[in-house]
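A short write-up of the structure that comes next.
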Amino acid sequence: MALENKLGIQDDIELAHEEEKLSKMRALELFESGMSDEFEIGTFAGLAQVHAQLFQDVYDFAGQMRTVDIAKGGFRFASVLYLDDALAAIDRMPQSTFDEIIEKYVEMNVAHPFREGNGRSMRIWLDAILRRELGVVVDWSRVGKEDYLSAMERSPLKDVEIKALLAEALTDRIDDRQVYMKGIDASYRYEGYGTYTTAELGA
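Per the working numbering, the sequence shown runs over residues 32 to 234.
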(Lines of atoms letter the chains of each structure in order from A and count residues from 1; the text may use other names and numbers.)
(Lines give C-alpha, C1' and ligand atoms only; values in the text may rest on other atoms or scores of the structure.)
Protein backbone atom coordinates (compact mmCIF):
# COMPACT_ATOMS: atom_id res chain seq x y z
CA MET A 1 0.00 0.00 0.00
CA ALA A 2 1.45 3.35 -1.03
CA LEU A 3 1.99 6.21 1.39
CA GLU A 4 -0.94 8.59 1.54
CA ASN A 5 -0.35 11.22 -1.12
CA LYS A 6 -1.90 14.23 -2.83
CA LEU A 7 -2.20 12.35 -6.11
CA GLY A 8 -4.59 9.72 -4.80
CA ILE A 9 -2.24 6.96 -6.00
CA GLN A 10 -2.50 3.66 -4.16
CA ASP A 11 0.04 1.60 -6.10
CA ASP A 12 3.63 1.76 -4.81
CA ILE A 13 5.27 1.56 -8.24
CA GLU A 14 3.02 4.19 -9.81
CA LEU A 15 3.64 6.50 -6.86
CA ALA A 16 7.40 6.01 -7.10
CA HIS A 17 7.35 7.02 -10.77
CA GLU A 18 5.24 10.12 -10.18
CA GLU A 19 7.20 11.11 -7.09
CA GLU A 20 10.47 10.82 -8.99
CA LYS A 21 9.22 12.88 -11.92
CA LEU A 22 7.59 15.65 -9.92
CA SER A 23 10.31 15.99 -7.30
CA LYS A 24 13.14 15.97 -9.86
CA MET A 25 11.40 18.79 -11.68
CA ARG A 26 11.20 20.67 -8.38
CA ALA A 27 14.88 19.93 -7.71
CA LEU A 28 15.80 21.48 -11.05
CA GLU A 29 13.58 24.47 -10.28
CA LEU A 30 15.43 24.85 -6.99
CA PHE A 31 18.73 25.17 -8.85
CA GLU A 32 17.57 27.37 -11.72
CA SER A 33 15.49 29.80 -9.67
CA GLY A 34 18.20 30.48 -7.11
CA MET A 35 15.58 30.17 -4.36
CA SER A 36 17.91 27.98 -2.32
CA ASP A 37 20.04 31.09 -1.72
CA GLU A 38 17.24 32.26 0.58
CA PHE A 39 17.13 29.02 2.58
CA GLU A 40 18.81 28.64 5.95
CA ILE A 41 22.12 26.80 5.66
CA GLY A 42 22.98 23.94 7.98
CA THR A 43 19.80 23.90 10.06
CA PHE A 44 16.75 21.68 10.21
CA ALA A 45 14.67 24.68 9.12
CA GLY A 46 16.76 24.90 5.96
CA LEU A 47 16.46 21.17 5.34
CA ALA A 48 12.70 21.43 5.79
CA GLN A 49 12.65 24.17 3.13
CA VAL A 50 14.44 21.84 0.70
CA HIS A 51 12.09 18.96 1.51
CA ALA A 52 9.02 21.16 1.08
CA GLN A 53 10.28 22.31 -2.32
CA LEU A 54 10.96 18.78 -3.57
CA PHE A 55 7.81 17.04 -2.37
CA GLN A 56 5.16 19.78 -2.31
CA ASP A 57 3.28 18.20 -5.22
CA VAL A 58 3.19 14.73 -3.69
CA TYR A 59 2.86 14.75 0.09
CA ASP A 60 0.94 16.85 2.60
CA PHE A 61 3.81 16.27 5.03
CA ALA A 62 6.38 17.95 2.75
CA GLY A 63 8.70 20.01 4.94
CA GLN A 64 7.14 18.72 8.17
CA MET A 65 8.85 16.70 10.87
CA ARG A 66 7.60 13.11 11.03
CA THR A 67 5.24 11.99 13.78
CA VAL A 68 5.97 8.25 13.60
CA ASP A 69 9.06 6.15 14.29
CA ILE A 70 10.78 4.75 11.20
CA ALA A 71 13.47 2.17 10.44
CA LYS A 72 15.37 1.02 7.37
CA GLY A 73 17.35 -2.15 6.88
CA GLY A 74 17.11 -3.00 10.56
CA PHE A 75 18.38 0.43 11.68
CA ARG A 76 15.98 2.49 13.77
CA PHE A 77 16.27 6.22 13.23
CA ALA A 78 15.86 8.74 16.05
CA SER A 79 12.71 8.23 18.09
CA VAL A 80 9.95 10.76 17.60
CA LEU A 81 10.07 11.32 21.37
CA TYR A 82 13.58 12.79 21.10
CA LEU A 83 13.52 14.20 17.58
CA ASP A 84 13.05 17.84 18.59
CA ASP A 85 16.04 17.70 20.93
CA ALA A 86 18.15 15.83 18.38
CA LEU A 87 17.46 18.41 15.67
CA ALA A 88 18.20 21.31 18.04
CA ALA A 89 21.54 19.69 18.88
CA ILE A 90 22.34 19.24 15.18
CA ASP A 91 21.54 22.90 14.52
CA ARG A 92 24.19 23.84 17.09
CA MET A 93 26.91 21.64 15.58
CA PRO A 94 29.78 23.58 13.94
CA GLN A 95 30.16 23.54 10.15
CA SER A 96 33.35 25.42 9.31
CA THR A 97 35.50 22.48 8.15
CA PHE A 98 34.88 19.50 5.88
CA ASP A 99 35.02 17.06 8.79
CA GLU A 100 32.56 19.13 10.84
CA ILE A 101 30.15 19.38 7.91
CA ILE A 102 30.17 15.63 7.26
CA GLU A 103 29.73 14.91 10.97
CA LYS A 104 26.67 17.17 10.94
CA TYR A 105 25.36 15.38 7.84
CA VAL A 106 25.80 11.98 9.51
CA GLU A 107 23.87 13.13 12.57
CA MET A 108 21.05 14.51 10.43
CA ASN A 109 20.86 11.16 8.67
CA VAL A 110 20.50 9.41 12.03
CA ALA A 111 17.69 11.84 12.88
CA HIS A 112 15.93 11.17 9.55
CA PRO A 113 13.35 13.86 10.34
CA PHE A 114 10.82 13.20 7.55
CA ARG A 115 8.43 10.35 6.80
CA GLU A 116 9.89 9.96 3.29
CA GLY A 117 12.46 11.73 1.11
CA ASN A 118 15.19 12.20 3.72
CA GLY A 119 18.27 11.17 1.75
CA ARG A 120 17.41 13.11 -1.38
CA SER A 121 16.73 16.27 0.61
CA MET A 122 19.78 15.87 2.83
CA ARG A 123 22.24 15.57 -0.04
CA ILE A 124 21.03 18.91 -1.45
CA TRP A 125 21.24 20.34 2.08
CA LEU A 126 24.80 19.02 2.47
CA ASP A 127 25.89 20.60 -0.80
CA ALA A 128 24.44 23.94 0.29
CA ILE A 129 26.62 23.87 3.42
CA LEU A 130 29.73 22.84 1.48
CA ARG A 131 29.07 25.54 -1.13
CA ARG A 132 28.80 28.35 1.38
CA GLU A 133 31.51 27.28 3.80
CA LEU A 134 34.14 25.77 1.49
CA GLY A 135 33.23 26.78 -2.07
CA VAL A 136 32.77 23.17 -3.20
CA VAL A 137 30.00 20.60 -3.69
CA VAL A 138 29.95 16.82 -4.02
CA ASP A 139 29.89 15.52 -7.58
CA TRP A 140 27.50 12.71 -6.69
CA SER A 141 27.89 11.13 -10.13
CA ARG A 142 31.39 10.11 -8.96
CA VAL A 143 30.09 8.40 -5.81
CA GLY A 144 29.05 4.79 -6.40
CA LYS A 145 25.75 3.61 -4.97
CA GLU A 146 27.04 0.57 -3.08
CA ASP A 147 30.07 2.42 -1.69
CA TYR A 148 27.87 5.29 -0.54
CA LEU A 149 25.18 3.13 1.07
CA SER A 150 27.77 0.97 2.80
CA ALA A 151 29.66 3.98 4.16
CA MET A 152 26.46 5.65 5.35
CA GLU A 153 25.31 2.46 7.06
CA ARG A 154 28.51 2.41 9.09
CA SER A 155 28.73 6.17 9.60
CA PRO A 156 26.94 6.40 12.98
CA LEU A 157 29.76 4.35 14.51
CA LYS A 158 32.62 5.16 12.13
CA ASP A 159 32.47 8.15 9.79
CA VAL A 160 35.96 7.88 8.30
CA GLU A 161 34.65 5.96 5.26
CA ILE A 162 31.98 8.46 4.26
CA LYS A 163 34.41 11.34 4.80
CA ALA A 164 37.01 9.73 2.52
CA LEU A 165 34.43 8.80 -0.12
CA LEU A 166 32.92 12.28 -0.36
CA ALA A 167 36.28 14.06 -0.10
CA GLU A 168 37.36 12.26 -3.28
CA ALA A 169 34.30 13.55 -5.15
CA LEU A 170 34.45 17.25 -4.26
CA THR A 171 34.37 19.79 -7.08
CA ASP A 172 34.54 23.58 -7.25
CA ARG A 173 32.04 23.60 -10.15
CA ILE A 174 29.37 24.82 -7.76
CA ASP A 175 27.22 26.57 -10.37
CA ASP A 176 27.50 23.93 -13.10
CA ARG A 177 24.05 22.79 -14.27
CA GLN A 178 25.34 19.46 -15.60
CA VAL A 179 27.09 18.61 -12.34
CA TYR A 180 23.89 19.42 -10.46
CA MET A 181 21.58 17.42 -12.75
CA LYS A 182 23.82 14.36 -12.84
CA GLY A 183 24.15 14.66 -9.07
CA ILE A 184 20.39 14.65 -8.61
CA ASP A 185 20.11 11.54 -10.80
CA ALA A 186 22.82 9.78 -8.77
CA SER A 187 21.17 10.82 -5.51
CA TYR A 188 17.87 9.32 -6.65
CA ARG A 189 19.56 6.09 -7.80
CA TYR A 190 20.84 5.55 -4.25
CA GLU A 191 17.18 5.30 -3.23
CA GLY A 192 16.17 3.08 -6.16
CA TYR A 193 14.71 5.76 -8.46
CA GLY A 194 15.93 5.74 -12.05
CA THR A 195 13.00 6.02 -14.46
CA TYR A 196 13.69 9.61 -15.52
CA THR A 197 16.78 11.77 -15.89
CA THR A 198 16.73 15.34 -14.65
CA ALA A 199 18.03 16.48 -18.04
CA GLU A 200 15.08 15.06 -19.98
CA LEU A 201 12.59 16.48 -17.49
CA GLY A 202 14.20 19.90 -17.78
CA ALA A 203 14.55 19.90 -21.55
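No residue lacks a Cβ here, since even glycine has one placed at the ideal position from N, Cα and C. Since the structure is predicted, the reported quantities are computational estimates derived from the model, not experimental observations.
With a cutoff of 9 Å on beta-carbon distance, Phe75 and Leu118 are scored as near each other. One thing to note: Ala195 has its Cβ no nearer than 9 Å to the Cβ of Ala142. Per DSSP, Phe86 has no beta-bridge partner at all. The DSSP-derived three-state label of Leu61 is helix. In this model, Arg162 and Leu61 are separated by some 15 Å (Cα to Cα). Excluding sequence positions up to five before and after Val169, its CB lies within less than 8 Å of the CB of Arg154, Leu157, Asp158, Leu161, Leu197, Ala200, Leu201, Thr202 and Gly214, all in the same chain and listed in chain order.
In the DSSP assignment, Lys213 falls within the alpha helix (DSSP H) that extends over Arg208 to Tyr221.
9 Å or more divides the Cβ of Asp216 from the Cβ of Ser152.
At a Cβ-Cβ threshold of 9 Å, Asp43 and Met56 do not count as neighbours. Shown here, Ala102 sits in a strand according to DSSP, grouped into three states. With respect to the 9 Å criterion, Arg146 and Arg97 are classified as neighbours on the basis of their beta carbons.
Taking 9 Å as the cut-off, the beta carbon of Lys176 is found closer than this to the beta carbon of Tyr221. By the neighbour-count definition (other C-beta atoms within 10 Å, threshold 16), Leu85 is a buried residue.
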